[in-house]
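Trainee:
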Amino acid sequence: MDTVKVRMQMAAGGAAAAASSSSIVGTFRNIVSNEGAARLYGGLNAGLQRQFAFASIRIGFYEPVKQLYMDRLGLTAAGAGPATLMAVRLLAGITTGAMAVCAAQPTDVVKVRMQGSAGRYPSCAAAYSTIWRTEGLAGLWKGTGPSVARNAIVNCAEVVSYDTIKTYLVARLGMPNARPVQWLHRHLVASPVDVVKTRLMSARPEERAGVVSVARGLYQQSGLRGFYKGFIPSFARIAGWNILMFVLYEKAKSSYGQLAAALPRPVMAKERQVL
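Reading the sequence shown from the start, the letters are residues 1 to 275 in full-length UniProt numbering.
1. Beta carbon of V211, beta carbon of L224: below 9 Å?
2. Alpha helix (DSSP H) containing P26: first to last residue?
3. If you pair each beta-carbon of the stretch 64 to 78 with each one of the stretch 130 to 137, do three or more pairs fall below 8 Å?
4. Shortest alpha-carbon distance to R204 belongs to which of D2, K142, F227 and V193?
5. Less than 9 Å between the C-beta atoms of R237 and M1, yes or no?
6. Do the stretch 36 to 48 and the stretch 104 to 122 make contact, defined as three or more Cβ pairs closer than 8 Å?
7. Taking DSSP as the reference, what is the three-state secondary structure of K142?
8. Go ahead and label Y128 buried or exposed: buried means 16 or more other beta carbons lie within 10 angstroms of its beta carbon, across all protein chains shown.
9. Mapping the DSSP letters down to three states, classify S123 as helix, strand or coil.
10. Compute the distance between the beta-carbons of V4 and G230, then report whether it is under 9 Å.
11. DSSP three-state label for L75, please.
12. So, is P233 buried or exposed, given that buried needs 16 or more other C-beta atoms within 10 angstroms?
13. Let me confirm a value: A11 is counted as buried when at least 16 other C-beta atoms fall within 10 Å, else exposed. Which label applies?
14. To the nearest angstrom, how far is the alpha carbon of A260 from that of Y121?
15. Quick one: what's got a C-beta closer than 6 Å to V159's C-beta in the same chain, skipping five residues either side?
16. Assign V247 to buried or exposed, taking buried as 16 or more other Cβ atoms, counted over all protein chains shown, within 10 Å of its Cβ.
17. Here's a check: name, in chain order, each residue in its chain whose Cβ is nearer than 6 Å to the Cβ of R58, leaving out the five neighbours to either side.
18. Could you check whether R7 and N34 sit closer than 9 Å to each other, using their CB atoms as the reference points?
19. Kindly indicate which three-state DSSP category F231 falls into: helix, strand or coil?
20. So the alpha helix (DSSP H) residue 279 belongs to, where does it begin and stop?
21. Thinking V193 and I153 are a contact (beta carbons under 8 Å), I'd like their distance in whole angstroms, please.
22. If you count every other CB in all the chains shown that lies within 10 Å of the CB of V25, and 16 or more means buried, which is it?
23. Compare the Cα-Cα distances from E164 to each of K197, R39, P82 and S56 and report the closest residue.
24. CB-CB under 6 Å to V65, same chain, minus the five flanking residues each way: which ones, in chain order?
25. May I have the straight-line CA-CA distance separating G36 from G119, to the nearest angstrom?
26. Please state whether the Cβ-Cβ distance between V88 and P146 is less than 9 Å.
27. To the nearest angstrom, how far is it from the Cα of S123 to the Cα of A157?
Printed below as a string of structure tokens:
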């Protein structure tokens, strides 16, 4: 689904493109018939590398960063009002989303390029090496601006919504480990930025594309609809991703808590002195 999304976002306008790359089925069929089924998993290595770096930071650091802001502001969950808590959650979501992008952007650039063009790079390692050699550090962090904007939206819409609704359901309705998923509003807002990000990342060095020029060209080529290219496969991909991710996230937290409670607590220096 991610590969199909990228191909649809990169597709040029015009009748030929409309016939072959404007739908999930058409794009899927083109990839399989022209390049083989294996190309549906193009850029998988870079995609896995991106998730290790990106998801670990934006999700794993969310709770600690939120608590850090709470401590710095002298707030407690019981004492702070709903508006204040929401502001802190949004701030934590924006912070961890931006941190994750800055760390994982090279993996995203390689993933998009390998998904978007068969044979552009022979391997993931070659892609990193070629981009570094021909475009320098700026090439590996190409599209960081729209990526930060997109993931600020995504992280707030996804993680903050999850945190807020879960807290409400647990506190008000007594539903343990509630697992709401907020998909549609996230993609309606983030899709235009995602399309621009993909176009910018996949641009060749000689194209010298910028955010404004990419957005202008996309609008001239396809109108407002162009900013929502790949919306359906993106939505379909994230549905399965969120179900698996949040279910496993809650399970991992629960298992970690049980393990930590079962392990013997280390004796601190002051306690040794008392003993």
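Every residue gets a Cβ at the ideal spot worked out from N, C-alpha and C, and that includes glycine.
Owing to the predicted nature of the structure, the values given are computational and were not obtained by experimental measurement.
Mentor: Reading from the atomic positions:
1. no
2. The residue asked about is misnamed: residue 26 is Gly in this sequence, not Pro. I24 to E35 is the span of the alpha helix (DSSP H), which, as asked, contains G26.
3. no
4. K142
5. Yes, these two residues count as a Cβ contact at 9 Å.
6. yes
7. Three-state result, K142: coil.
8. Buried, since its Cβ has 16 or more Cβ neighbours within 10 Å.
9. Of the three classes helix, strand and coil, the one that applies to S123 here is coil, per DSSP.
10. yes
11. Taken through DSSP and simplified to helix, strand or coil, L75 comes out as coil.
12. buried
13. Of the other Cβ atoms in all chains shown, 16 or more fall within 10 Å of the Cβ of A11; this residue is therefore buried.
14. 45 Å
15. Y62 and G93
16. Under this definition V247 is an exposed residue.
17. T96, G97, A100 and N155
18. In this structure, R7 does not lie closer than 9 Å to N34 by Cβ.
19. helix
20. Residue 279 lies beyond the residue range present for the chain, which begins at 1 and ends at 275; the question has no answer from this structure.
21. Between the beta-carbon of V193 and that of I153 there is about 7 Å, and that keeps the pair under the 8 Å contact cut.
22. exposed
23. Checking the sequence shown, residue 164 turns out to be Thr, not Glu. T164 has its Cα closest to that of P82, out of K197, R39, P82 and S56.
24. Answer for V65: A92, T95 and T96, listed in chain order.
25. Across the structure, G36 and G119 are spaced so that their CA atoms are roughly 13 Å apart.
26. no
27. 34 Å
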